[in-house]
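Worksheet: one structure, shown below.
Residue numbers (my numbering): 6 to 58.
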């Protein structure tokens, strides 16, 4: 999709894991809640590093 950060919806089927959707503008609050990772801060760090190049 050409993004640095995307959300990927994955489901398990009888054939294994299947990608349902790749979203270039994902919501990440549940990822933050479950992992404890401040996703917004990590994205900001990435943007700053890319801007320095």
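Idealized CB from N, CA, C, for every residue including glycine.
Inset, instruction - From the DSSP output, in three-state form, read off residue 39 for me. - result: helix
Legend entry - Rounded separation between residue 44 and residue 8 - CA only: 15 Å
Inset, instruction - Confirm, please, whether the CB-CB distance from residue 22 to residue 13 is below 7 Å. - result: no
Inset, instruction - Leaving aside the five residues before and after residue 42 along the sequence, list all residues of the same chain whose C-beta is less than 8 Å from its C-beta, in chain order. - result: 36
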